[in-house]
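The structure appears right after this line, and notes come after that.
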Amino acid sequence: KNQVEQSPQSLIILEGKNCTLQCNYTVSPFSNLRWYKQDTGRGPVSLTIMTFSENTKSNGRYTATLDADTKQSSLHITASQLSDSASYICVVSVSSGTYKYIFGTGTRLKVLA
Amino acid sequence: NAGVMQNPRHLVRRRGQEARLRCSPMKGHSHVYWYRQLPEEGLKFMVYLQKENIIDESGMPKERFSAEFPKEGPSILRIQQVVRGDSAAYFCASSPGDGNQPQHFGDGTRLSIL
Chain A
133 KNQVEQSPQS LIILEGKNCT LQCNYTVSPF SNLRWYKQDT GRGPVSLTIM
183 TFSENTKSNG RYTATLDADT KQSSLHITAS QLSDSASYIC VVSVSSGTYK
233 YIFGTGTRLK VLA
Chain B
26 NAGVMQNPRH LVRRRGQEAR LRCSPMKGHS HVYWYRQLPE EGLKFMVYLQ
76 KENIIDESGM PKERFSAEFP KEGPSILRIQ QVVRGDSAAY FCASSPGDGN
126 QPQHFGDGTR LSIL
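Shown next, in the form of structure tokens:
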């Protein structure tokens, strides 16, 4: 069964600190892995997209890694800001005819001043 | 360059009524996806459409739900005879193509059933 699991469910950190969010997946055949940021009451916004051959991709203070062998990904946030408070969603794309997108339930990050 | 526009942002219906949710994709995008998000849960895929065609509706309930993306105008997600369990946030996303193309999301329609 295609599944995407994220951990932790929620996380509280102080402004300026770094943090790492985890995503494990059991998806086949794998096409790509995406990280989204979803602010409360808004739609998700794409942070990174990685294909099978990519190990790391950065977008400003966000760095995503992918280990296709262990089927794990992480999102590292550097020097957190209050505006980073949001849900971070890992999405894995399955390629079988058409593309299907399997969403994780997200990690709720709260950054405190 | 407007993003994905969804309307209404909030919709309240009584049980048994019909709900129509609209999605205007980004300019130049011909692929539209609808998702449902229940409180405290992740987004669940419902249907994938290209202009005038339903490509994949495997996530959409067989009864009461339908979707279209006409040649002209927005994509419509239609829910007939709504029930309390239909209360959720419905998000639309668009992309210029499939595969490794990023999806751009609207801010959703929050549907409440009384």
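These protein sequence lines are chains A and B, in that order. Using the numbering used here, you'd call the opening residue of the first sequence number 133 and step up by one each time. Using the numbering used here, you'd call the opening residue of the second sequence number 26 and step up by one each time. For glycine and all other residues, C-beta sits at the position ideal for the given N, C-alpha and C. Here the structure is a predicted model, which means the values were calculated and not measured.
Taking one beta carbon from each stretch, the stretch 109-128 of chain B and the stretch 58-66 of chain B have 3 or more pairs nearer than 8 Å; the two touch. Taken atom to atom, the span from the alpha-carbon of valine 226 (chain A) to that of proline 161 (chain A) is near 6 Å. Counting every other CB atom within 10 Å of its CB across the protein chains shown gives proline 176 (chain A) a total of 16 or more, marking it as buried. Non-local beta-carbon contacts of valine 243 (chain A) in its own chain, meaning distances under 7 Å to residues more than five positions away in sequence, involve Ile145, Glu147, Ser212, Gln213, Leu214, Asp216, Ser217 in chain order. A direct Cα-Cα distance of roughly 5 Å separates arginine 40 (chain B) from valine 107 (chain B). The C-alpha of glycine 98 (chain B) is placed about 25 Å away from the C-alpha of serine 178 (chain A). Less than 7 Å separates the beta-carbon of valine 29 (chain B) from that of histidine 129 (chain B).
Glutamine 138 (chain A) is positioned such that its CB atom lies closer than 7 Å to that of glycine 236 (chain A).
Excluding five sequence positions before and after leucine 153 (chain A), the CB atoms of its chain that fall closer than 6 Å to its own CB belong to Leu207, Tyr220, Thr239, given in chain order. With a cutoff of 7 Å on beta-carbon distance, proline 127 (chain B) and histidine 54 (chain B) are scored as not near each other.
Look at proline 50 (chain B): its C-beta is not under 7 Å from any C-beta on chain A. A distance of 7 Å or more separates the beta carbons of threonine 172 (chain A) and arginine 193 (chain A). DSSP places methionine 85 (chain B) outside any beta strand (DSSP E), giving it a letter other than H or E. Counting of Cβ neighbours within 10 angstroms places asparagine 164 (chain A) among the buried residues, the total reaching 16 or more. Taking glutamate 82 (chain B) as the centre and dropping the five residues before and after it, the same chain places the C-beta of Val72 closer than 6 Å to its C-beta, in chain order.
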